[in-house]
Each structure stands twice: as structure tokens, then as C-alpha cells.
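Peer 1: Numbering (this note's numbering), first residue to last: 184 to 563.
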Amino acid sequence: MNPPFRAEHVGSLLRTQALLAARAAAEGDQYRPVSGPLAYTGLSEIEDAAIRGAVRLQEDVGLSVVTDGEFRRRSWFQDFLLALSGTRITFVDAGQTISAALPFRDDKSADTLPGHIIEVHGKLRRERGIFTEHFKFLKNITTRTPKVSLPSPTMLHFWGGRAAIDATVYPDLEEFWADAVAIWVAEISALHELGCTYVQIDDVTFPLLCDPRAQAALARRGDDPAKILETYAGVLNRIVAAAPAGITLAMHQCRGNNRGKWMGSGGYEYVSEVVFGQVDIANFFMEYDTARAGDFRPLRHLPAGKTVVLGLVSTKTPVLEAKDDLKRRIDEAARYVPLAQLALSPQCGFASNFAGNPLTIDDQRRKLALVVETAREVWG
């Protein structure tokens with residue numbers, strides 16, 4: 184069977200204590216204002232050992248897809264974006280960012296984190312492979328299908344908008360998007376040349392656009408949310424059109440995932456027709472673990488030949504879902520799209536930044552095993 188598989192996972196996994204300590208010693212907090220090479224002797228060896236263990240865990244629970252857990256990253260998106268020439272982390276007044284409208288929160292409180300964005304201050308260039316060496320290591324230690332996740336290029340625009348992209352460097356945003364598309368195509372092509380057949384683009388912007396607070400914040404800075412939706416869909420399509428044949432592309436969508444907290448709320452209705460009908464990606468990982476994601480009615484827009492991976496298992500809490508509840512929710516989704524076009528996964532990764540969510544590695548194992556067992560019973 185080609186990916187996506189009936190039992191899937193998004194990608195990031197909880198780090199071991201040894202890796203957590205090494206990463207913290209190497210670079211401190213994930214929001215540090217500087218970027219550059221890590222300076223911690225032995226970090227790569229600790230990463231290697233941790234990745235081998237993570238691969239064994241994925242294989243042991245019966246997953247057909249394997250990732251490196253994103254163990255060589257500090258977060259799901261920063262490492263890739265900061266590896267490009269022309270980018271840097273910039274700390275700004277939090278009131279100037281979309282993050283101010285969508286702070287990370289749980290049921291008890293909302294965070295006040297540094298107002299940081301990735302700023303484009305020079306021409307975007309990919310000087311070398313970014314995750315290519317990561318993939319080579321992973322491919323050599325598993326016989327399962329290795330998957331690599333990349334952040335979406337929309338992350339360079341969504342948080343800060345036009346103000347985060349130097350107008351003296353890119354007076355025309357079309358040139359900015361052209362350079363970004365070329366970079367993503369080059370990385371995907373390089374991965375494919377190394378034997379990668381499965382790439383996932385992580386994009387939080389589409390589901391966050393479903394939150395009225397995000398729409399209002401975009402309007403305040405002078406952006407039309409509907410036009411942004413169309414622009415982002417077009418950018419992804421340009422990447423798909425230029426990607427090598429023989430590679431499976433997927434897109435993961437969620438509403439934020441940081442230490443068990445989230446950013447946005449709102450069902451997919453605002454974006455579903457564009458995402459399913461206009462984005463030329465055939466496979467969609469979709470957060471559906473809580474009522475914040477809305478109901479399954481937006482799935483009615485999914486065309487034949489495309490797949491939705493239902494993110495029904497939560498990586499934000501150690502509480503293990505009941506298998507019967509998962510089956511019931513799959514049945515609910517199948518009212519709007521044929522069961523053959525559905526699959527199952529957690530709603531997001533277990534560690535979107537290196538600190539991870541409030542679960543143990545044993546909790547993680549149980550949740551991944553539950554995904555596999557449920558998928559086998561539903562789809563055979």
C-alpha cells in the first residue's frame with residue numbers, strides 16, 4: 184500500500200531525557216533570539232541514539248510509516264526557515280503579530296510568550312540541503328516507509344505579513360513567493376533523489392484562518408483573509424506542480440500544539456472548499472480531537488481520489504481514548520466521505536518543539552498502538 188497508510192502519525196515524537204538535556208545545553212529556550220550552529224559536543228551522537236530508539240518504537244507498535252521524530256530540530260518550523268539565507272528571528276511587540284490574537288492556551292489560562300516572528304531581511308536562498316542528511320540517516324535504519332515533514336512557506340508570511348518581508352529586498356511579493364517556491368521544490372527534489380517517497384507539508388495557517396479572531400487580526404493589518412486563503416493555496420499548488428513524479432505529498436493542518444496548548448478554534452467550513460477543491464495535494468492530515476475543530480460536515484467537499492487522515496487521538500493529554508469512541512467518530516466522518524478515503528492518526532505531533540507535550544514516552548507508545556489497532560479493526 185502506498186502512503187498515506189490507514190494508521191498514520193504526524194511526525195514529531197517526545198525526546199528522551201538525555202536528548203532534552205543536550206538540546207537545552209546546546210541552545211537554551213526555543214525562543215532564543217539568535218540562530219546559528221549548535222555548539223554542544225556529542226549532540227549528534229545523542230540524537231542518533233534517540234532516533235534509533237524512536238524508530239524501534241514506531242516499528243514495534245506496527246506503524247508502516249516512520250519518522251525521525253524531528254529529533255534534530257528545536258521546533259517543527261524554525262530550523263528549516265532559519266536555515267535559509269535571508270531569514271532571522273525577530274522579537275517584536277506581541278500586539279503586532281497574529282500570535283497576540285491567538286495566544287497559546289488551555290482550559291485554564293493563556294500564555295504570554297515572546298512576540299517572535301521569522302523576518303525576511305534578504306533574498307531567500309537554500310545554500311545546501313536542509314533535512315537531506317536527516318533523511319539519509321533515517322532511511323538507513325528502517326525498512327518501513329520514511330516520511331519527512333517540512334513547514335509550509337506560508338509560515339514566512341502569515342505571522343508578520345508584508346511588514347515581515349523587507350520591501351527593499353522584495354518590493355513585489357510575487358518575487359518573494361517565487362523564491363520560496365523554488366526553495367521548497369529544490370528540497371523536495373533533493374529528498375526524492377535520496378530515495379524519499381513521502382513528504383508532508385505542515386501548515387497551521389488554513390485552520391487558524393477559521394478562527395474569527397485571526398480573521399479580525401489579519402483585517403486590522405490590512406490583509407483580506409479570503410485573498411490570503413487563495414494566495415496560500417496557489418503557492419502550494421506551484422510546489423506540487425514542480426515536485427518530482429513518484430513522491431507522495433500530504434498536508435497537515437492543526438490549530439497549534441505547544442506543551443499541550445493550542446492557538447485557534449473553529450471548524451473547517453471557512454477553508455474546506457478551497458483546501459479540498461483547489462489545493463492540488465491529495466492527502467490531508469486534519470486535527471479532529473476536540474470540538475474546537477468543529478464537525479465533519481466540511482469533509483463533504485473532499486473530491487474522489489483524495490484522502491483525509493482523521494486526527495482523532497490527542498497528543499495534548501495522556502488520557503487514552505476509548506477504541507469504541509474512535510470507531511464511532513470514524514463512522515460519523517464516513518457519513519460525509521467514503522470510508523475508503525479516510526485514515527487515522529493523532530491530531531498533531533507529540534513534540535512540536537523539543538520540550539514536548541505533557542505525556543510520557545509510554546503514553547505516546549500507547550496512543551500510537553491504539554491508532555494501529557483501531558485502523559486494523561476498521562479497515563482490515
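Glycine included, every Cβ here is placed at the ideal spot set by N, Cα and C.
Alpha carbons only, please: which of Ala373, Tyr453 and Cys379 is nearest the one belonging to Gly394?
Peer 2: Looking at the sequence itself, residue 394 is Asp, so the reference to Gly does not match. Here the closest residue by C-alpha is Tyr453.
Peer 1: Would you call the CB atoms of Pro329 and Leu321 closer than 7 Å?
Peer 2: Yes. Within cutoff.
Peer 1: Leaving out five residues before and five after Leu527 in sequence, what residues of the same chain have Cβ atoms less than 8 Å from its Cβ?
Peer 2: So the list reads Arg189, Ala190, Glu191, Val492, Leu493, Leu495, Val496, Leu509, Ile513, Val554, Thr557, Ala558 and Val561, once near-sequence residues are dropped.
Peer 1: Assess contact between the stretch 527-541 and the stretch 245-257, defined as three or more Cβ pairs (one per stretch) separated by less than 8 Å. Is contact present?
Peer 2: As far as the Cβ criterion goes, the stretch 527-541 touches the stretch 245-257, which means the pair count is three or higher.
Peer 1: Can you tell me which of the three DSSP states Phe459 falls into?
Peer 2: Correct three-state label for Phe459: helix.
Peer 1: With distances taken between CB atoms, is the gap from Phe479 to Gln436 smaller than 7 Å?
Peer 2: Contact: no.
Peer 1: Report the rounded CA-to-CA distance for Glu302 versus Leu522, giving the unit in angstroms.
Peer 2: Going by the C-alpha atoms only, they are around 42 Å apart.
Peer 1: Short of 7 Å in beta carbon distance, which residues of its chain neighbour Val217, apart from the five on each side in sequence? Order them along the chain.
Peer 2: Since pLDDT at Val217 reaches only 48, below the 50 mark, its modelled position is unreliable, and the value read off the structure follows with that caveat. So no residue of the chain qualifies.
Peer 1: Considering only the beta carbon of each residue, do Leu197 and Ile464 sit closer than 7 Å?
Peer 2: No, they are not a contact pair.
Peer 1: Count the other CB atoms within 10 Å of the CB of Lys499; is the residue buried (16 or more) or exposed (fewer)?
Peer 2: Flag for Lys499 reads buried.
Peer 1: What span of residues does the beta strand (DSSP E) with Val496 cover, start to end?
Peer 2: Taken as a continuous stretch (DSSP letters only), the beta strand (DSSP E) holding Val496 covers Thr490 to Val496.
Peer 1: On the DSSP bridge list, what partners appear for Arg271?
Peer 2: Glu302.
Peer 1: Identify, in the order they occur along the chain, each residue of the same chain with its Cβ nearer than 6 Å to the Cβ of Leu503, setting aside the five sequence neighbours on each side.
Peer 2: Closer than 6 Å at Cβ, skipping near neighbours: Arg549.
Peer 1: Kindly give me the distance between the Cβ atoms of Gly450 and Pro481, rounded to whole angstroms, as I take these residues to be in contact under 8 Å.
Peer 2: So it is a contact: roughly 6 Å between Cβ atoms.
Peer 1: On the three-state DSSP scale, how would you describe Asp205?
Peer 2: The question names Asp, yet the displayed sequence has Ala at residue 205. In the structure shown, Ala205 sits in a helix (DSSP, three-state: H, G or I).
Peer 1: Determine the extent of the beta strand (DSSP E) in which Ala538 is found, giving its start and end residues.
Peer 2: Note, Ala538: premise wrong, no beta strand (DSSP E); not H, not E.
Peer 1: Between Leu485, Arg438, Met446 and Gly447, which has its C-alpha nearest Gln461's C-alpha?
Peer 2: The shortest Cα separation from Gln461 among Leu485, Arg438, Met446 and Gly447 belongs to Leu485.
Peer 1: Going by alpha carbons, who is nearest to Ile234 out of Gln200, Phe263 and Ile384?
Peer 2: When each option's Cα is compared against that of Ile234, the closest is Gln200.
Peer 1: Write down the C-beta distance between Gly344 and His304 rounded to the nearest angstrom, noting that I regard them as a contact closer than 8 Å.
Peer 2: Actually they do not touch by this definition, with Cβ atoms about 15 Å apart.
Peer 1: Under 8 Å, with one C-beta from each stretch per pair, do the stretch 367-374 and the stretch 415-431 reach the 3-pair mark?
Peer 2: Yes: the two stretches touch, three or more of their Cβ pairs being nearer than 8 Å.
Peer 1: From which residue to which residue does the beta strand (DSSP E) around Leu226 run?
Peer 2: Counting along the chain, Leu226 falls outside any beta strand (DSSP E), though it belongs to the alpha helix (DSSP H) covering Leu226 to Asp243.
Peer 1: Near Tyr381, which residues of its chain fall below 6 Å by C-beta distance, leaving aside the five closest residues on each side in sequence?
Peer 2: Pro186, Thr328, Lys330 and Thr431.
Peer 1: So if DSSP puts Tyr381 in a beta bridge, which residue, or which two residues, is it bridged to?
Peer 2: Bridge partners of Tyr381: Thr431.
Peer 1: Looking at Phe318: is its Cβ nearer than 7 Å to the Cβ of Leu377?
Peer 2: Yes, Cβ-Cβ distance for Phe318 and Leu377 is below 7 Å.
Peer 1: Check the C-beta distance from Gly457 over to Glu413 and give it rounded, since I have them as a contact under 8 Å.
Peer 2: One point to set straight first is that residue 457 is Val, not Gly, in the sequence displayed. Rounded, the Cβ-Cβ distance is 7 Å, consistent with contact.
Peer 1: State the CB to CB distance for the pair Arg442 and Pro541, rounded to an integer number of angstroms; the pair is presumed to be in contact (CB under 8 Å).
Peer 2: Right, their Cβ atoms sit about 7 Å apart.
Peer 1: Check Leu285 in the structure and name its three-state DSSP category.
Peer 2: Looking at Leu285 - three-state DSSP - the assignment turns out to be coil, as it is neither helix nor strand.
Peer 1: Is the distance from the Cβ of Asp385 to the Cβ of Ser448 below 7 Å?
Peer 2: Going by C-beta atoms, Asp385 is not nearer than 7 Å to Ser448.
Peer 1: Under 6 Å Cβ to Cβ from Phe459, same chain only, skipping five residues before and after it: list those, please.
Peer 2: The answer, listed in chain order, is His484 and Leu485.
Peer 1: Please name the residue in Gly225, Arg308 and Glu242 whose C-alpha comes closest to that of Ala149.
Peer 2: Outside the displayed span of the chain (184 to 563) sits residue 149, for which this structure offers no information.
Peer 1: If you run the structure through DSSP and keep just helix, strand and coil, what is Met446?
Peer 2: Coil.
Peer 1: From this set, Lys306, Ala209 and Leu525, which residue's C-alpha is nearest Asp362's C-alpha?
Peer 2: With distances taken between Cα atoms, Asp362 lies closest to Lys306.
Peer 1: Can you have a look at Arg257 and say buried or exposed, based on whether 16 or more other CB atoms are within 10 angstroms of its CB?
Peer 2: Answer is buried; the Cβ neighbour count reaches 16.
Peer 1: Starting from the C-beta of Gly488, find all residues in its chain whose C-beta is less than 7 Å away, skip the five residues before and the five after it, and write them out in chain order.
Peer 2: Ala465, listed in sequence order.
Peer 1: If I'm right that Ile145 touches Ala347 with Cβ under 8 Å, what's the distance once you round it to whole angstroms?
Peer 2: Outside the displayed range of the chain (184 to 563) lies residue 145, so it cannot be described from this structure.
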